[in-house]
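Beneath this line is the structure, given in structure tokens, with notes to follow.
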Amino acid sequence: MPDPVVPDSVSSDHGPRTTGHTSSDEPPPFGGSWNALYGGVAGTLLALIALFALFTRAFE
417 MPDPVVPDSV SSDHGPRTTG HTSSDEPPPF GGSWNALYGG VAGTLLALIA LFALFTRAFE
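The C-terminal position of the sequence shown is numbered 476 in the working numbering, with every residue numbered one higher than the one before it.
Dropping the structure here:
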């Protein structure tokens with residue numbers, strides 16, 4: 417049986433082609449570290465949940 421035709425955008429190991437570096441090697445765009453960035457996102461989420469809970473109780 418002949419080999420299937422593989423499009424140029426996919427490598428022969430069935431994964432996308434990469435340039436040799438991974439994104440985990442790069443620092444985040446702001447925040448200094450990935451932990452600080454994730455902490456900021458989680459903190460923002462908690463603040464929004466608390467704010468929406470207060471608005472819900474105030475305007476029921």
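Where a beta carbon is used, it is the ideal one built from N, C-alpha and C, also for glycine.
Separation of residue j from residue i, as counted between CA atoms
| i | j | result |
| --- | --- | --- |
| residue 444 | residue 460 | 17 Å |
| residue 466 | residue 457 | 14 Å |
| residue 470 | residue 453 | 26 Å |
| residue 474 | residue 462 | 18 Å |
| residue 464 | residue 476 | 18 Å |
| residue 420 | residue 468 | 54 Å |
| residue 442 | residue 472 | 41 Å |
Cβ neighbours of residue i in the same chain (closer than 8 Å, five flanking residues each side left out)
| i | result |
| --- | --- |
| residue 447 | 453, 456 |
Own chain, CB closer than 7 Å to residue i, minus 5 neighbours either side, in chain order
| i | result |
| --- | --- |
| residue 450 | 444 |
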